[in-house]
Amino acid sequence: MKNKVWEFYEAATGEVKTEATSHLKQACREFIKKAVGEEKAAELKALNDGGATKEELSAKADELIASLENADMKKKAEAVAQSCKVVFGVASRKMRRHEGHHDAWKSYLTWLTQEQKDELKTLKEGGADFDTLKKKVWEFYEAATGEVKTEATTKLQDACRGFIKKSVGDEKAAELKTLKESGATNEAMVAKVDELINSLEDPEMKAKAQAVADSCKVVFGVSSKRMRRGEGHGDAWKSYLTWLTQEQKDEIKALKEGGADFDTLKKKVWEYYEAASGDVKTEATTKLQDACRGFIKKSVGDEKAAELKALKESGASNADIVAKVDELIEGIADADHKAKAQAVADSCKVVFGVNSRRIRENYDHLKEHLDWLEPAQKAALKELKESGASKDQLKAKVMMFFAELPADKQEELKTQWKGKCISWVKDVASQEERDELKQLHEEKKWADLKAKIEVYIDRLDENMKQKVLAAREVCQKLFHVGEHRF
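Listed below in structure tokens is the structure:
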């Protein structure tokens, strides 16, 4: 009869399972009190109230039952205790039978489809061991996408934390938590997990812990094995590639399944990014900037990433930020990881608009307004550009040359440039809209003027937009917009 009750319990779900667990826990407490006496039961309760681990509680229960003198009562107590450990989540015997892990993880698998749950159930009933069941779960995880993948990741991360705590104990798990909160890199975390697992004395438990840990590294995005294969980054970046078309996603998938390495996949993504335009380009830029921030943090750690953020918020130039990124990457000890970080950083500079090619493009756009420079000044500007100067540095140099011109020449150029500054507007704004701009300027409503100009800039094609943006600072000075940027 007991077996049938536990069969019903195992099949229960939701509120029924919650109620059943509560009732069975109470039944277990009463049985233990009856079997070992109130004094011994009080010892067990005190141990539980003192924050003992489930392993310690299980050992204490076994000790109390072993002390029973009545052989018949001891046999009954042992049988009931094993079932009670299930409802209290400490069933050591089931763990030895390779079933405990699967049962304990059931609550973390709510993201599976009913078909997938049925497949797992069939495997289990067919005698599949824990490793086979685990591999099947991770197969389902790899195939998941979107919100299901997000839920699965959260659930499995929780499962991993629980498993690590059970495997190495609360004290060692606390060491790992402290290391994480100190801003340690993922590589340091992986090394610590491996160290804790290697310290396990039970060979069977150590083997299981290592197998689960390898899978857990995947959901935490720190699988050193996958990184060595060049696959981990690709999987971690999936959530940042929602802007790709289905055809592009399929091409990436085909490349990956064909054995393409991380560099090949990265190059393909950036090829798609370069070809994107409009809203897609905007979304892609935002997503890839987020990906870059995450990658930099993972590569150099929270503390160093915070230094970079502080530098940016202080108003540092793009050239200074690029130099800082390169400095941080240079400080990475692992040669393989440093090479990957440098490769990704070069691409990240594109989406943040600080790479040398973008500087070159800004210079090219600026050149259209520089026909008044003397040959020596043009040469000086070119030399400055080739030395890696930022867009701001190039503009500052141009403004310095302009300030050296005679007053009449400055006025002549200002008249020419004013015409160029507003010539593009007629291509994207109606007469009514242009009149409105003029009125806003006359009334010095700079915030409204800026907002309107931004709307019209967004109507331009990418090439023309870059030209307008390159000349924006000069134009705002010509029209006396002051600090209110176009």
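Residue numbering for the sequence shown follows the UniProt record's numbering, beginning at 1 and increasing consecutively. Glycine residues also receive a C-beta, built at the ideal position from the N, C-alpha and C atoms. Keep in mind it's a predicted model, so treat the numbers as computed, not measured.
(message) Using only the alpha-carbon positions, how far apart do glutamate 15 and tyrosine 9 sit?
(response) 12 Å
(message) Quick check on lysine 349: does DSSP put it in helix, strand or coil?
(response) helix
(message) Helix, strand or coil for glycine 146? Go by DSSP, reduced to three states.
(response) helix
(request) With a floor of 4 residues, list each alpha helix (DSSP H) that falls wholly inside the UniProt domain "Polyprotein allergen nematode" (102-220), ordered by position along the chain. (result) 114-125, 130-143, 146-168, 170-181, 186-198, 203-219
(message) Using only the alpha-carbon positions, how far apart do alanine 41 and lysine 309 sit?
(response) 56 Å
(request) May I ask you to verify whether the stretch 406-416 touches the stretch 431-438, counting CB pairs closer than 8 Å and requiring at least 3? (result) no
(message) Buried or exposed, going by whether 16 or more other CB atoms sit within 10 Å of the CB of alanine 81?
(response) buried
(message) Just to confirm before moving on: does the CB-CB distance between glutamine 248 and tyrosine 272 stay below 7 Å?
(response) yes
(message) Can you find the residues in the same chain that come closer than 7 Å, C-beta to C-beta, to tyrosine 456, ignoring five residues on each side of it along the sequence?
(response) Val425, Val428, Ala429
(message) Let me check understanding here. Comparing Cα to Cα, which of Lys166, Lys420, Ile164 lies closest to methionine 464?
(response) Lys420
(request) Please report how far the alpha carbon of glutamate 283 lies from the alpha carbon of leucine 241, in whole angstroms. (result) 10 Å
(message) Taking 8 Å as the limit between beta carbons, can you name the residues of its chain near alanine 211, skipping five residues before and five after?
(response) Asp131, Lys134
(message) Nearest by alpha-carbon distance to threonine 178: which of Lys192, Lys418, Thr110 is it?
(response) Lys192
(message) If contact is defined by three or more beta carbon pairs under 8 Å, each pair taking one atom from either stretch, is the stretch 144-154 in contact with the stretch 167-178?
(response) no
(request) In angstroms with no decimal places, state the Cα-to-Cα distance between lysine 166 and methionine 73. (result) 30 Å
(message) Please state the DSSP three-state secondary structure of serine 314.
(response) coil
(request) Please list, in chain order, all residues of the same chain as threonine 110 whose beta carbon is under 7 Å from its beta carbon, the five residues on each side excluded. (result) Lys155
(message) Threshold first: 4 residues or longer. Then list the alpha helix (DSSP H) segments lying entirely within the UniProt domain "Polyprotein allergen nematode" (1-88), N to C.
(response) 2-11, 14-36, 38-49, 54-66, 71-87
(message) By alpha-carbon positions, which one of Lys60, Cys475, Thr18, His23 ends up nearest to valine 36?
(response) Lys60
(message) Quick check: the Cα distance between alanine 376 and phenylalanine 401, rounded to an integer number of angstroms?
(response) 11 Å
(request) Put glycine 259 into one of helix, strand or coil per three-state DSSP. (result) coil
(message) Let's test the definition: count the other Cβ atoms within 10 Å of the Cβ of lysine 287 and tell me whether it reaches 16, buried, or not, exposed.
(response) buried
(message) Helix, strand or coil, according to DSSP, for glycine 278 in the structure here?
(response) helix
(request) For leucine 255, I'd like the list of residues in its chain whose CB is within less than 8 Å of its CB, leaving aside the five on either flank, ordered along the chain. (result) Thr264, Leu265, Lys268
(message) Please return the same chain residues whose Cβ sits closer than 8 Å to the Cβ of alanine 276, not counting the five positions on each side in sequence.
(response) Trp243, Ala284
(message) Quick check: the Cα distance between lysine 75 and valine 190, rounded to an integer number of angstroms?
(response) 44 Å
(request) Taking all protein chains shown into account, decide if alanine 213 is buried (16 or more other Cβ within 10 angstroms of its Cβ) or exposed. (result) buried
(request) Classify leucine 449 as helix, strand or coil using the three-state DSSP reduction. (result) helix
(request) Let me know the secondary structure DSSP gives proline 375 once reduced to three states. (result) helix
(message) Does threonine 415 come out as helix, strand or coil in the three-state DSSP assignment?
(response) helix
(message) Closest to threonine 113 by C-alpha separation, out of Gly127, Leu123, Phe140, Gly126, would be which residue?
(response) Phe140
(request) Would you mind reading off the limits of the alpha helix (DSSP H) that contains leucine 440? (result) 431-442
(message) Would isoleucine 332 and lysine 324 qualify as a contact pair, given that the criterion is a beta-carbon distance under 7 Å?
(response) no
(message) Among Leu469, Lys378, Glu462, whose alpha-carbon lies nearest the alpha-carbon of isoleucine 453?
(response) Leu469
(request) Return the chain-ordered list of same chain residues with a C-beta closer than 7 Å to the C-beta of alanine 77, the five sequence neighbours on each side being excluded. (result) Ala35, Ile65, Leu68
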